[in-house]
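What follows is one structure encoded as structure tokens, with my remarks underneath.
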Amino acid sequence: MDGVARCTRYAFGPNRLHMCGPDMNREVLAYLTAGATDQGLTDILRNFKTLYPYLQEIAWANQIKDPFDRRVVEAYWIGNELLENISPKKFYNYLVEDLQIKKRFSSKDFERLQYKLIEGAKMHHAFHVFNVWKDSGQTDLAGFDQCRVSWGQVTKVDGPIIKVLRRPLVLLGGKFTLDSAVPVDVARQLEGSSILDETKVGDAISIHWGVPCEVLTAPQVANLEKYTNLSIDLANRTL
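The working numbering numbers the first residue of the sequence shown as 14 and each following residue consecutively.
Below you can see the structure in the form of structure tokens.
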């Protein structure tokens, strides 16, 4: 997969629910199932008003020309070494100038966000979910659990259903934590079209808003867990 195709797998879940990006989920699904990318799909992804600015900033900070470079896409959705090259100051400027966070948050909430930047926040999707989306008013635990990119081990491939062992997000003592893995069904057939046909028993896969995204290597699972836990820890400091 090139970077555009890879990014599309992660972006489709919230887009089909009309939560993120332009109202073009049928077009996105058509590209996804065909395994095709072109300028039209790239233009659709550029209209994701939260996603694309993050990709741009990660690319610029690492002197990578293309925001849809596979490494950049992986850094945002899964996590990798590119995130370590973004200073707290650059992250702060991005949140203020690109996302206009200061205008949307109360003074108290913005101060708490600044503190998290100093404490090691990374420009990862999970940080946005647990520390930006949350403080913008989101309170639904199930929403956080679906919005974070999660991972799980495939135990059975049953036609349109992939059975996966996945750790759910729970509240324990008033704090976010990942519980022990439980079996869940993930649909890989969406509106008559099948995705992630390449998966098999024993694979680790990523999941976003109920959509299976890609097969992960062991280092990728480790990175996704690392940056997710970091983002959860920062969120818990201000719960």
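Ideal placement from N, C-alpha and C gives every residue a C-beta, glycine not left out.
In the DSSP assignment, find the unbroken beta strand (DSSP E) run with residue i in it and report its ends.
i: ARG179; result: 174-179
i: SER163; result: 163-171
i: VAL183; result: 182-185
Does the separation of the CB atoms of residue i and residue j fall below 8 Å?
i: PRO66; j: LEU112; result: yes
i: GLY165; j: ILE218; result: yes
i: SER120; j: PRO173; result: no
i: ALA134; j: LEU247; result: yes
i: MET136; j: GLU70; result: yes
i: LEU58; j: CYS20; result: yes
i: LEU68; j: PHE104; result: no
i: ARG180; j: ASP198; result: no
i: ILE114; j: VAL145; result: yes
i: PRO35; j: ASN60; result: yes
i: VAL263; j: VAL214; result: There is simply no residue 263 to check, as the chain begins at 14 and stops at 252 in what is shown.
i: THR212; j: VAL224; result: no
i: ASN93; j: ARG83; result: no
Below 8 Å on the Cβ atoms is my contact criterion, and I expect residue i with residue j to pass it. Report the Cβ-Cβ distance as a whole number of Å.
i: GLY16; j: VAL86; result: 5 Å
i: LEU178; j: PRO196; result: 6 Å
i: LEU252; j: GLY187; result: 6 Å
i: ILE77; j: GLN233; result: With a Cβ gap of about 19 Å, ILE77 and GLN233 do not count as contacting.
i: TYR23; j: CYS226; result: 5 Å
i: GLY48; j: ALA18; result: 7 Å
i: ASN249; j: PHE157; result: Wrong, their Cβ atoms sit about 12 Å apart, outside the cutoff.
i: ALA139; j: THR241; result: 5 Å
i: LEU203; j: LEU42; result: 7 Å
I need the boundaries of the alpha helix (DSSP H) containing residue i, first residue and last residue.
i: THR251; result: Unbroken run through THR251: none, as it is neither H nor E.
i: GLY156; result: 154-160
i: LEU126; result: 120-131
i: PHE81; result: Note, PHE81: premise wrong, no alpha helix (DSSP H); not H, not E.
i: TYR105; result: 101-106
i: ILE114; result: 114-117
Looking at chain B, is there any beta carbon in it that lies within less than 8 Å of the beta carbon of residue i?
i: PHE118; result: Any reference to chain B falls outside this structure, which holds one protein chain only.
At a cut-off of 7 Å, would you count residue i as near the ligand ADP, judging by its Cβ distance to the nearest heavy atom?
i: CYS20; result: This structure lacks the ligand ADP, and indeed carries no ligand of any kind.
Next item on the list: Within the region 190-237, note down every full beta strand (DSSP E) run reaching 3 residues or more, in order along the chain.
Entry: 195-200, 217-221 and 224-229
Check: Hey, is the region 101-117 in contact with the region 231-242, meaning 3+ C-beta pairs nearer than 8 Å?
Finding: no
Next item on the list: Please confirm if the region 153-164 is in contact with the region 209-224, defined as three or more CB-CB distances below 8 Å between the two stretches.
Entry: yes
Margin query: For a minimum of 4 consecutive residues, which ranges assigned as the alpha helix (DSSP H) are wholly contained in the region 20-77?
Written below: 38-47, 52-59 and 64-74
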